[in-house]
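> Letter 326 of the sequence shown, counting from 1, is numbered 326 in UniProt numbering, and no numbers are missing.
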Amino acid sequence: MKVLITGGAGFIGSNFVHYMLDRYPGYHFINLDALTYAGNLENLKAIQSNENYTFVKGSITDSKLVDSLFEQGVQAVVHFAAESHVDRSILEPDVFVKTNVLGTQVLLDAARKYSVQKFVHVSTDEVYGSLGETGLFTEETPLAPNSPYSASKAGSDLLARAYFETFGLPVNITRCSNNYGPYQFPEKLIPLIIANALNDRPLPVYGDGLNIRDWLYVEDHCSAIDLVMHQGVNGEVYNIGGNNERTNIHIVKAILEQLGKPEILIQFVKDRPGHDRRYGIDPTKITKELGWQPKHNFETGIEATIRWYLNNQDWWKRIQSGEYQAYFQEQYSSR
Ligand code: NAD
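#1: Judging by CA-CA distance, which residue of Gln267, Asn52 and His275 is the nearest neighbour of serine 147?
#2: Beta carbon of valine 56, beta carbon of leucine 32: below 7 Å?
#3: Considering only their Cβ atoms, is the gap separating glycine 58 from alanine 9 smaller than 7 Å?
#4: Could you check which residue in Leu143, Phe119, Glu165 and Gln267 has the C-alpha nearest to that of phenylalanine 80?
#5: Using beta-carbon positions only, say whether leucine 290 and leucine 227 come within less than 7 Å of one another.
#6: I'd like to check one pair, alanine 34 with valine 66: are the Cβ atoms closer than 7 Å?
#7: Since residue 365 and aspartate 214 should fall inside the 8 Å C-beta cutoff, what is the C-beta to C-beta distance between them, to a whole number of angstroms?
#8: Using the C-alpha atoms, what's the distance from lysine 317 back to phenylalanine 164?
#9: Under 6 Å: does the beta carbon of alanine 81 sit that close to some heavy atom of the ligand NAD?
#10: In the DSSP assignment, what are the bridge partners of histidine 79?
#11: Let me know the secondary structure DSSP gives tryptophan 315 once reduced to three states.
#12: Under the three-state reduction of DSSP, which class applies to leucine 21: helix, strand or coil?
#13: If we call anything under 7 Å between Cβ atoms a contact, is proline 204 one with valine 269?
#14: Can you tell me which residues form a DSSP beta bridge with histidine 28?
#15: Tell me whether isoleucine 286, by its Cβ, gets closer than 6 Å to a heavy atom of the ligand NAD.
#16: With distances taken Cα to Cα, identify the nearest neighbour of aspartate 314 among Lys113, Tyr206, Ala195 and Phe167.
#17: Can you tell me where the beta strand (DSSP E) with arginine 112 in it begins and where it stops?
#18: Leaving out five residues before and five after alanine 151 in sequence, what residues of the same chain have Cβ atoms less than 6 Å from its Cβ?
#19: State yes or no: is the C-beta of aspartate 33 nearer than 6 Å to some heavy atom of the ligand NAD?
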């Protein structure tokens, strides 16, 4: 089978490429990635000369390029490519609409034109908006995105749904909770806290630190997408989550404890506008219908993640310079 993976140089996409190459030696994977600030070919160094893997640098918004890839006989698409950082979407919403909405539409059109057998659209629980103190997001929860990022993802979800309803394209949509693990760009909470704590730098925590997210180790997200790609019922949405709800401050303190660093490094900063209070996901459908089970709980996952960041300091130190450094200053220095 020939599989097109978009955004495979990013955090989850690169974990997925590794996961699938190990698991399916008879498949060929084409990775289309524009290599924005979030894309990093270092994540894929170990498999760059694998004969079952081809990297193509380019944008999902480039319909000519996308068509040329489908002409090579792509049978399935797993679509990760996106602008993915909420804070950046507040600074620059337009690029989120271009990549996440228009880029998805270009891919859906090509998938339709070339009659692919499966199109997995990788989305997020953030499209459901914010929860109160109780309740969980199910696949029936109405979409109520609150940030330009989640609104652009919700727009792409609705397009994917419409291509199933209107054209019968074999689409699945997955909506996963917050991921963490190897290769995550150090602007997201967990790698940011690990990297800053190791450098004895301040650890910025939004608001009162009591926002709640459900956390899933990235490999468990990969195994869920693999199942959906092979067994998902066309047109269905699958929520993916780890039943690991934690406040942000709990996460920060857990990391400090494991690294033996003092809590004095914690610095509360002005809350993000429109900051959703709580996300919690009900993964019953994928568990019951496709037999998915995560392998990691939060404690084993965070331990593995910290170990990875300790063993791969060159990887994140190189990133924590240049353009990212300037962005980080702009985000946090004035607060
Ligand atoms: P990421 O930002 O680490 O990676 C995104 C990748 O997409 C990068 O490699 C980037 O270069 C590439 N890209 C961006 N614009 C592109 C374009 N126009 N054409 C081609 N490639 C482009 O993101 P991630 O955290 O790995 O998330 C991947 C997907 O999973 C996203 O769709 C995101 O919405 C979704 N998701 C993420 C999480 C999470 O916790 N990180 C949770 C649920 C869902």
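The C-beta atom is built at its ideal place from N, Cα and C for all residues, glycine as well. Since the structure is predicted, the reported quantities are computational estimates derived from the model, not experimental observations.
Well, looking at it:
#1: His275
#2: yes
#3: no
#4: Phe119
#5: yes
#6: no
#7: Residue 365 lies beyond the stretch modelled for the chain, which goes from 1 to 335, so this question has no answer here.
#8: 43 Å
#9: yes
#10: Thr6 and His121
#11: helix
#12: helix
#13: yes
#14: Lys2
#15: no
#16: Ala195
#17: Unbroken run through arginine 112 is the alpha helix (DSSP H), 104 to 113; no beta strand (DSSP E).
#18: Pro145
#19: yes
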